[in-house]
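Top line first, the protein sequences correspond to chains P and B.
Numbering-wise (the numbering used here), the first sequence opens with residue 9 and increments by one.
Numbering-wise (the numbering used here), the second sequence opens with residue 745 and increments by one.
Just so it is clear, CB atoms sit at the ideal spot from N, CA and C, and this is done for glycine as well.
Note that the structure is predicted; figures quoted are calculated from it, not measured.
The block underneath contains the structure these notes are about, expressed in structure tokens.
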Amino acid sequence: MEIIEIQNEIVDEFNMFDSWMEKYEYLIDLGKNIPKISNENKTDDNIIKGCQSKVWLHATEDNGKVNFFADSDAIITKGIISLLIRTFSGQKPQDIIESNLDFIDKIGLRQHLSPNRANGLNNMIKKIKFYAIGFNKKINE
Amino acid sequence: MKDFELIRKDFPILEAKVNGHHLIYLDNAATSQTPNCVIDSISDYYKNLNSNIHRGVHFLSQKATEKYENTRKKFKDHLNANSTKEIIFTSGTTHSINLIANGFINSLKPGDEIIVSQLEHHSNIVPWQMLSEKTGAKMKVIPMNNLGELDIKIYEKLLSNKTKVVFVNHVSNALGTVNPIKKIIEKAHRYDAKVLIDGAQAVPHFHVDVTELDVDFYVCSAHKFCGPTGVGILYGKQRILEELPPYQGGGEMIDEVTFEKTTYADLPNKFEPGTPNIAGVIASGVALDYINDIGLDNIKKYEDKLLAYATKKLKEINGVKIYGESENKTSVISFNIGDIHPYDIGSVIDNMGVAVRTGHHCAQPIMDYFKIPGTIRISFCFYNNFEEIDILIDSLKKAVRMLS
Ligand SMILES: Cc1ncc(COP(=O)(O)O)c(C=O)c1O
Chain P
9 MEIIEIQNEI
19 VDEFNMFDSW
29 MEKYEYLIDL
39 GKNIPKISNE
49 NKTDDNIIKG
59 CQSKVWLHAT
69 EDNGKVNFFA
79 DSDAIITKGI
89 ISLLIRTFSG
99 QKPQDIIESN
109 LDFIDKIGLR
119 QHLSPNRANG
129 LNNMIKKIKF
139 YAIGFNKKIN
149 E
Chain B
745 MKDFELIRKD
755 FPILEAKVNG
765 HHLIYLDNAA
775 TSQTPNCVID
785 SISDYYKNLN
795 SNIHRGVHFL
805 SQKATEKYEN
815 TRKKFKDHLN
825 ANSTKEIIFT
835 SGTTHSINLI
845 ANGFINSLKP
855 GDEIIVSQLE
865 HHSNIVPWQM
875 LSEKTGAKMK
885 VIPMNNLGEL
895 DIKIYEKLLS
905 NKTKVVFVNH
915 VSNALGTVNP
925 IKKIIEKAHR
935 YDAKVLIDGA
945 QAVPHFHVDV
955 TELDVDFYVC
965 SAHKFCGPTG
975 VGILYGKQRI
985 LEELPPYQGG
995 GEMIDEVTFE
1005 KTTYADLPNK
1015 FEPGTPNIAG
1025 VIASGVALDY
1035 INDIGLDNIK
1045 KYEDKLLAYA
1055 TKKLKEINGV
1065 KIYGESENKT
1075 SVISFNIGDI
1085 HPYDIGSVID
1095 NMGVAVRTGH
1105 HCAQPIMDYF
1115 KIPGTIRISF
1125 CFYNNFEEID
1135 ILIDSLKKAV
1145 RMLS
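In structure tokens form, the structure reads like this:
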């Protein structure tokens, strides 16, 4: 599936819930099934700054596609990053770089995030795009 | 005595709705809410008094100066200082600590020592660390025990003729521990060391007498006792303040200025360069009157009851671990539940309208001691009530159900 299709799918899923409680519960479930980063990749370099909770993100490239792995010590944070992974894992770096991220606003998540967490979310997205830029360079060399 | 339920009506923000719920504000150690009289005072200042102080010969300037200086007298009386020259208005506790730390920049040298405690807010660590880097003076740390109390025996061993300054908070913002500062001050004075006490979390909750404490510097922030943000009160012994170099240069702090040399004004102006936060300072005096009107003794008694009730209720929740269990503490509870991240709980109960603080509370050394990323912290003010505690407990239970 293309990034935009996955994003629309996520927006549809979240629209099924009326309350933030259900949205949170869904996020928590997603967090439990995150593609886990391996322990040896839980390095300081892979920590995303700007979160009250710790977040590690690692990426690999395989046949021109990027795969992401992550973990966090907070479950809601894990849920948020697993949404991003679902969107971007298995995609081409170029597509990741060009992707639009307004689906996060559409699922009504941002208004339920503290400024600190929203800041953390922005840093996760930045890190994902950085990985994509790096792999894109490598592929085009 | 005022009825504590009626007091709530003085605070318009307590009527606010958050995510469709009534706001339950339990983050008072970060900042307290503002009563109508303080809000009105700020508005009145700009409607009727606004002018620059100490400079104008005109009516408004004289009026504003009178109110501003009268506020200084209020704080002098409240803290039981000897003279209004000993009360300096700053922008907050952080500013006050930087001002004093900077005052030692010429007198400290390598081989000297300064002493901090493990219980400090970053505001009472970093300015001194900067001083230590600039002067070569070494910083030593008074450790704490697992109840969150300072180890005074080790403190005594850290003290020596090399000790020049000791800086400790009166009450820990992260744990609520009330430190034995009288003892700390007395022991430091045996070695002629100066002592700064960070009273940001003390002044809102009980009475402080700087003369009785014989403290050299005592600092606090108005926004923690129902005053506006951006106002700090710094007490310093006159003799010591006179010797300290000024922190910032500018207007109002001078005696004579030529391009060759400037001589400085007397206290307190020497430490108040530029146009101060006049409206804020005057409103801080109104806040002080407000809490004194309720009575700090009444406040303490009531807040102790809130603390006891909330502690008991919290302990009924499975897996609750409270950090900071000194016998002697203010109405602050830092805790975690099981291995759920404090941030997750904070986020969930925020959606239920309950405002708490999560994280390290600007006191990372304390979190390092307990080997935790942070805690959930609830902190009470006298406008909180028992019903709010029940709602908090209910929200916590719901959060735990969602998160585990
Ligand atoms: C113990 C303590 N010291 C210092 C500060 C800093 O105060 P301010 O931010 O008003 O300068 C605080 C406030 O969080 C505090 O609780």
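8 Å Cβ cutoff, residue i in contact with chain P
i	result
residue 1095/B	yes
residue 838/B	no
residue 1118/B	yes
residue 1103/B	yes
residue 1075/B	no
residue 1100/B	no
residue 1146/B	yes
residue 1091/B	yes
residue 788/B	no
residue 1088/B	yes
residue 1085/B	yes
Where residue i sits in the DSSP three-state scheme
i	result
residue 931/B	helix
residue 22/P	helix
residue 878/B	helix
residue 124/P	helix
residue 816/B	helix
residue 74/P	strand
residue 866/B	helix
residue 799/B	coil
residue 132/P	helix
residue 772/B	coil
residue 1096/B	coil
Cα-Cα separation between residue i and residue j, rounded to whole angstroms
i	j	result
residue 43/P	residue 86/P	10 Å
residue 961/B	residue 1132/B	37 Å
residue 819/B	residue 953/B	11 Å
residue 1123/B	residue 70/P	51 Å
residue 30/P	residue 784/B	42 Å
residue 875/B	residue 937/B	16 Å
residue 934/B	residue 1069/B	30 Å
residue 27/P	residue 110/P	20 Å
residue 1096/B	residue 1088/B	13 Å
residue 1126/B	residue 1047/B	6 Å
residue 1049/B	residue 1139/B	21 Å
residue 844/B	residue 45/P	48 Å
residue 809/B	residue 941/B	29 Å
residue 816/B	residue 1026/B	9 Å
residue 57/P	residue 1117/B	14 Å
residue 1079/B	residue 1039/B	29 Å
residue 1112/B	residue 1083/B	16 Å
residue 757/B	residue 766/B	10 Å
residue 796/B	residue 972/B	19 Å
residue 967/B	residue 834/B	12 Å
residue 1135/B	residue 1051/B	15 Å
Chain B contact for residue i (CB, 8 Å cutoff)
i	result
residue 62/P	yes
residue 33/P	yes
residue 89/P	no
residue 56/P	no
residue 67/P	no
residue 2/P	This structure cannot settle anything about residue 2/P, because the visible part of chain P is limited to 9 through 149.
residue 125/P	yes
Residue i: CB within 7 Å of a non-hydrogen atom of ligand 1
i	result
residue 837/B	yes
residue 1106/B	yes
residue 1052/B	no
residue 862/B	no
residue 868/B	yes
residue 1070/B	no
residue 942/B	yes
residue 27/P	no
residue 945/B	yes
residue 913/B	yes
residue 66/P	no
residue 1128/B	no
residue 967/B	yes
residue 865/B	yes
residue 1027/B	no
residue 124/P	no
residue 917/B	yes
residue 1023/B	no
Ligand 2 heavy atom lying under 7 Å from the CB of residue i
i	result
residue 1085/B	For the structure depicted, ligand 2 is absent and the ligand set comprises only ligand 1.
Contact with chain A by residue i, beta-carbon distance below 8 Å
i	result
residue 36/P	No chain A appears in the structure shown, which is made up of the protein chains P and B.
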